[in-house]
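A.B. asks:
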Amino acid sequence: MEGVRDIKRRIRSVTSMQQITRAMKMVAASRLRQAQEKAVESRPYTQQIKAVMERLLQAQPEDAENALIVKRPVEKILYVLITADRGLCGGYNANLQRTMQTILKKETHTCSLITVGRRGRDFFRRQGADIVAEFMNLGDSPSYDHAAVVAEQIVHLYTSGVVDKVCLVYSRFVSVLSQVPTMLCLLPIEPDDDSLTGYADDHWTQASIHREGFRETPRGQAADAQEGQKVSHPIDNYIFEPSAHAILETLLPLYLNKLVYSALLESKASEQGAKMTAMDAATENAKGMIDKYTLAMNRARQAAITKEISEIVGGAAALE
Amino acid sequence: MAGTFFFQVVSPVGAVLTEDVQFVVLPGTEGELGILPNHTPLMSSVACGVVRYTLHDEVKKMAVSGGFVEVSHNQVTLLAETAELAEHIDCFRAEDAKARAEERLKVAMSMKDANDIDLIRAEAALKRAISRIGASDQGNKFS
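Top line first, the protein sequences correspond to chains A and B.
Counting in this note's numbering, the first sequence runs from 1 upward without gaps.
Counting in this note's numbering, the second sequence runs from 321 upward without gaps.
1. Using 8 Å for Cβ pairs, my map puts residue 4 (chain A) next to residue 183 (chain A). What's the rounded Cβ distance?
2. Go through the segment 363 to 408 of chain B residue by residue and report every complete run of the beta strand (DSSP E) that reaches 3 residues or more, in order.
3. Quick check: what's the CA-CA separation for residue 416 (chain B) versus residue 402 (chain B)?
4. Residues in the segment 356 to 369 of chain B with C-beta within 9 Å of chain A's C-beta atoms, listed in sequence order?
5. Please decide whether residue 397 (chain B) counts as near chain A, where near means a Cβ-Cβ distance under 7 Å.
6. Determine the direct distance from the alpha carbon of residue 263 (chain A) to that of residue 273 (chain A), and round the result to whole angstroms.
7. For residue 444 (chain B), which residues in chain A fall below 7 Å Cβ to Cβ?
8. Along the segment 324 to 357 of chain B, where does the CB come closer than 8 Å to a CB of chain A? Name the residues.
9. Using three-state DSSP, classify residue 354 (chain B) as helix, strand or coil.
10. Could you round the C-beta distance between residue 49 (chain A) and residue 265 (chain A) to whole angstroms and report it? I think they count as a contact, below 8 Å.
11. Say whether the segment 312 to 319 of chain A touches the segment 324 to 341 of chain B, bearing in mind that this needs 3 or more beta-carbon pairs closer than 8 Å, one atom from each stretch.
12. In the DSSP assignment, find the beta strand (DSSP E) that holds residue 335 (chain A) and state where it starts and stops.
13. For the candidate residues A:123, A:90, A:30, whose alpha-carbon lies nearest to that of residue 275 (chain A)?
14. Quick one: does residue 240 (chain A) have its CB under 7 Å from some CB of chain B?
15. What residues of chain A sit near residue 415 (chain B), judged by a beta carbon separation below 9 Å?
16. Report the rounded CA-to-CA distance for residue 332 (chain B) versus residue 406 (chain B), giving the unit in angstroms.
17. With 7 Å set as the bound, which would you pick, yes or no: does the beta-carbon of residue 42 (chain A) sit closer than that to a beta-carbon of chain D?
18. Can you pull the chain A neighbours of residue 390 (chain B), defined as C-beta to C-beta under 7 Å?
19. If distances are taken between C-alpha atoms only, which option among A:301, A:20, A:42, A:77 comes closest to residue 165 (chain A)?
20. I need the boundaries of the beta strand (DSSP E) containing residue 134 (chain A), first residue and last residue.
21. Looking at residue 300 (chain A): is its Cβ nearer than 7 Å to the Cβ of residue 14 (chain A)?
22. Measure the beta-carbon distance from residue 246 (chain A) to residue 365 (chain B) and round it to whole angstroms, keeping in mind my assumption that it falls under 8 Å.
23. Just mark residue 241 (chain A) as buried or exposed, buried being the case when its beta carbon has 16 or more other beta carbons within 10 Å.
24. Got a sec: is the Cβ-Cβ distance from residue 194 (chain A) to anything in chain B below 7 Å?
25. Am I right that residue 116 (chain A) and residue 81 (chain A) are in contact with their C-beta atoms under 8 Å? What's the rounded C-beta distance?
26. Quick check on the DSSP output: the beta strand (DSSP E) that includes residue 255 (chain A) runs from which residue to which?
27. Where does residue 30 (chain A) fall in DSSP's three states?
28. Look at the alpha carbon of residue 21 (chain A) and the alpha carbon of residue 427 (chain B), and state the distance between them as a whole number of angstroms.
29. Nearest chain B C-beta to residue 261 (chain A) closer than 7 Å, yes or no?
30. Can you give the Cα-Cα distance for residue 352 (chain B) and residue 346 (chain B), rounded to whole angstroms?
31. With which residues is residue 338 (chain B) paired in a DSSP beta bridge?
32. In chain B, which residues lie less than 7 Å from residue 48 (chain A) when you measure between Cβ atoms?
33. With residue 183 (chain A) as the anchor, note down where its alpha helix (DSSP H) starts and where it stops.
34. Is the Cβ of residue 250 (chain A) closer than 7 Å to any Cβ of chain B?
35. Could you give the distance in angstroms between the alpha-carbon of residue 144 (chain A) and the alpha-carbon of residue 292 (chain A)?
36. Would residue 114 (chain A) and residue 133 (chain A) be called neighbours here (beta carbons separated by less than 7 Å)?
Right under this line is the structure:
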């Protein structure tokens, strides 16, 4: 049986671990909030860019022959995997890696990878996958610039004909307790695919955050009303400057940037959500251990006292 | 004044401006675009530069770095990759950025096997810095 001092030392060490996990949980909670707020802020942009693209394609359907829209026979597929840089977030990275691996196994075409985040890179490098580019250290709040760099690389690989299809594998944020690894096709862009355009913006931010945002103001409502009007007369005689084709050519990369940006934000939120859950569980476990050790310590102390008393009594009895 | 129209500027990091304005001048890729109320429907790409708008008879400025504008039904929507209002621009920082960009441009041009991407990036950075300085309130003092 361990002595009281040993047990005390253990309790101290578990207590300090508990302090750390508790702090990490709170940090994760605040970062989760940050990521969600950013997503809410980017929502008007998403809505507008989507609306402009739809109207543009409606007005000039014959101009839709953009390199990023036209489908080609698929020979090589590029997967973009978004993971975290660091661990300590439960099964978040493992889930993504497993999903990615399953996809790769099933795939009959040649596949290459772009990894965002250290975890995914390390794993697939060990697996010997073909990693064409890697991005790391995006920090705790991914910025639009990061997304633009990633998207630029994707567009470059696609337009130069190295790959014929690009899919994004990231973690969808359902709730703090649940993050679902998801695959999404980025290129070629399918303009009327609703899952593509509306996926990241409404379902996960609305429930948790109510902010005085752009859309909630009376001005925003007026804009909505006007937009409704516009939809009913879609074929406006727009003047295009320089030309519809040129506009589409600059719009689509921006749209792609935005998709990657949303996915980065959502992944970050998922990571922080997973981390929060994991750290909460760790804190609970530490509490359980402390309780167990405290009980053991009290027993040991009691036993020591009892032993001492019986020794004294025994000693006194021997003297008589 | 013929009245006002709705002008909104949105960037990926949020809505920058939503106001009823009287007049807007945008740096279109094909030259400056002036927009008054009841403008005909228009879509144009927007270059990096300074946007001027008249709000309550007062001209205000902001810096944008590329994007799109859509005009229809007295509603002007500017989708910008970045957009900063004049009052949010730190002129000294913009001056620093400009100096840095010029330096990088020089380096990129001096190298014989000049990497095009470096050159384009440096140029874009310089353009952004110049438009920020142009848009900032203090900008005129320095130029």
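Quick reminder that beta carbons are idealized off the backbone N, C-alpha and C, glycines included.
Just so you know, these numbers come straight off a predicted model, no measurement behind them.
C.D. replies: Judging by the given coordinates:
1. Position 4 of the first sequence, counted from the first residue, corresponds to residue 4 (chain A). Position 183 of the first sequence, counted from the first residue, corresponds to residue 183 (chain A). Not a contact, Cβ separation roughly 56 Å.
2. Restricted to the segment 363 to 408 of chain B, the beta strand (DSSP E) segments that are unbroken, complete and at least 3 residues in length are 378 to 392, 395 to 400, 403 to 405, listed in chain order.
3. Position 96 of the second sequence, counting from 1, holds the residue named residue 416 (chain B). Position 82 of the second sequence, counting from 1, holds the residue named residue 402 (chain B). Here the alpha carbon of residue 416 (chain B) sits roughly 19 Å from the alpha carbon of residue 402 (chain B).
4. Per Cβ criterion, the list reads 360, 361, 362, 363, 364, 365.
5. To locate residue 397 (chain B), count along the second sequence from 1; it is residue 77. Under the Cβ distance rule, residue 397 (chain B) counts among the residues neighbouring chain A, one pair being separated by less than 7 Å.
6. Start at 1 with the first residue of the first sequence, and residue 273 (chain A) comes out as number 273. Start at 1 with the first residue of the first sequence, and residue 263 (chain A) comes out as number 263. Their Cα atoms are separated by approximately 15 Å.
7. Here residue 444 (chain B) refers to the residue found at position 124 when the second sequence is read from its first residue. From the beta-carbon of residue 444 (chain B), no residue of chain A is found nearer than 7 Å; the closest lies around 11 Å away.
8. Cβ contacts with chain A: 326, 328, 330, 331, 332, 333, 334, 335, 338, 348, 349, 350, 353.
9. Here residue 354 (chain B) corresponds to residue number 34 of the second sequence, with the count starting at 1. Strand, per DSSP.
10. For the purposes of this step, residue 49 (chain A) is identified with residue 49 of the first sequence, where counting begins at 1. For the purposes of this step, residue 265 (chain A) is identified with residue 265 of the first sequence, where counting begins at 1. Separation of the CB atoms of residue 49 (chain A) and residue 265 (chain A) is rounded to 16 Å, and the pair is thereby denied contact status at 8 Å.
11. In this structure the segment 312 to 319 of chain A does not lie against the segment 324 to 341 of chain B, because fewer than three pairs of beta carbons, one per stretch, are closer than 8 Å.
12. With chain A represented from 1 up to 320, any question about residue 335 (chain A) goes unanswered, as that position is not in the structure.
13. For the purposes of this step, residue 275 (chain A) is identified with residue 275 of the first sequence, where counting begins at 1. Residue A:90 is the option with its Cα nearest to residue 275 (chain A).
14. The residue you call residue 240 (chain A) lines up with position 240 of the first sequence. Answer yes: the Cβ-Cβ gap between residue 240 (chain A) and chain B drops below 7 Å somewhere.
15. Walking along the second sequence from the start, residue 415 (chain B) turns up at place 95. None at all; the shortest Cβ gap to chain A is about 21 Å.
16. Within the second sequence, residue 332 (chain B) is the residue found at index 12, counting from 1. Within the second sequence, residue 406 (chain B) is the residue found at index 86, counting from 1. Cα to Cα, residue 332 (chain B) sits roughly 18 Å from residue 406 (chain B).
17. Annotation note: the requested chain D is absent from the structure, which comprises protein chains A and B.
18. Within the second sequence, the letter at position 70 stands for residue 390 (chain B). Chain A residues near residue 390 (chain B): 52.
19. Locating residue 165 (chain A) in the first sequence gives position 165, where the first residue counts as 1. Comparing alpha-carbon positions, the option among A:301, A:20, A:42, A:77 lying closest to residue 165 (chain A) turns out to be A:77.
20. The count along the first sequence starts at 1 and reaches residue 134 (chain A) at position 134. For residue 134 (chain A), the enclosing beta strand (DSSP E) covers residues 131 to 135.
21. Looking up residue 300 (chain A) in the first sequence gives position 300. Looking up residue 14 (chain A) in the first sequence gives position 14. For residue 300 (chain A) and residue 14 (chain A), no; Cβs fall outside 7 Å.
22. Against the first sequence, residue 246 (chain A) aligns to sequence position 246. Against the second sequence, residue 365 (chain B) aligns to sequence position 45. Yes, residue 246 (chain A) and residue 365 (chain B) are in contact; Cβ-Cβ is about 7 Å, under 8 Å.
23. Looking up residue 241 (chain A) in the first sequence gives position 241. The residue in question, residue 241 (chain A), is buried, as its Cβ has 16 or more Cβ neighbours within 10 Å.
24. On the first sequence, residue 194 (chain A) is found 194 positions in, with the first residue counted as 1. With a pLDDT of only 47 at residue 194 (chain A), under 50, the local geometry of the prediction cannot be trusted, and no value is derived from it.
25. Taking the first sequence and counting its residues from 1, the one referred to as residue 116 (chain A) is at position 116. Taking the first sequence and counting its residues from 1, the one referred to as residue 81 (chain A) is at position 81. Right, the Cβ-Cβ distance comes to about 7 Å (below 8 Å), so this counts as a contact.
26. If you number the first sequence from 1, residue 255 (chain A) lands on position 255. Here residue 255 (chain A) belongs to no beta strand (DSSP E); instead the alpha helix (DSSP H) covers 244 to 319.
27. Counting from one through the first sequence, the residue named residue 30 (chain A) turns up at place 30. Helix.
28. Here residue 21 (chain A) refers to the residue found at position 21 of the first sequence. Here residue 427 (chain B) refers to the residue found at position 107 of the second sequence. So the two alpha carbons sit approximately 48 Å from each other.
29. Within the first sequence, numbered from 1, the residue matching residue 261 (chain A) stands at position 261. Yes, residue 261 (chain A) lies at the interface with chain B (some Cβ there is under 7 Å from its Cβ).
30. Taking the second sequence and counting its residues from 1, the one referred to as residue 352 (chain B) is at position 32. Taking the second sequence and counting its residues from 1, the one referred to as residue 346 (chain B) is at position 26. Going from the Cα of residue 352 (chain B) to the Cα of residue 346 (chain B) covers about 6 Å.
31. As a working note, residue 338 (chain B) is residue 18 in the second sequence. Beta-bridge partners of residue 338 (chain B) (DSSP): B:328.
32. For this step, residue 48 (chain A) is matched to residue 48 along the first sequence. Neighbours of residue 48 (chain A) in chain B, taken as residues whose beta carbon is under 7 Å from its own, are 330, 397, 399 in chain order.
33. Indexing the first sequence from 1 puts residue 183 (chain A) at position 183. Unbroken run through residue 183 (chain A) is the beta strand (DSSP E), 178 to 187; no alpha helix (DSSP H).
34. Sequence index remark: in the first sequence, residue 250 (chain A) carries index 250 (1-based). For residue 250 (chain A), the answer is yes, since a Cβ of chain B falls inside 7 Å of its Cβ.
35. Translated into the one-based positions of the first sequence, residue 144 (chain A) becomes position 144. Translated into the one-based positions of the first sequence, residue 292 (chain A) becomes position 292. If I take the Cα positions, the gap works out to 48 Å.
36. Counting from 1 along the first sequence, the entry for residue 114 (chain A) is found at position 114. Counting from 1 along the first sequence, the entry for residue 133 (chain A) is found at position 133. Against a cut-off of 7 Å, the Cβ pair of residue 133 (chain A) and residue 114 (chain A) comes out as a contact.
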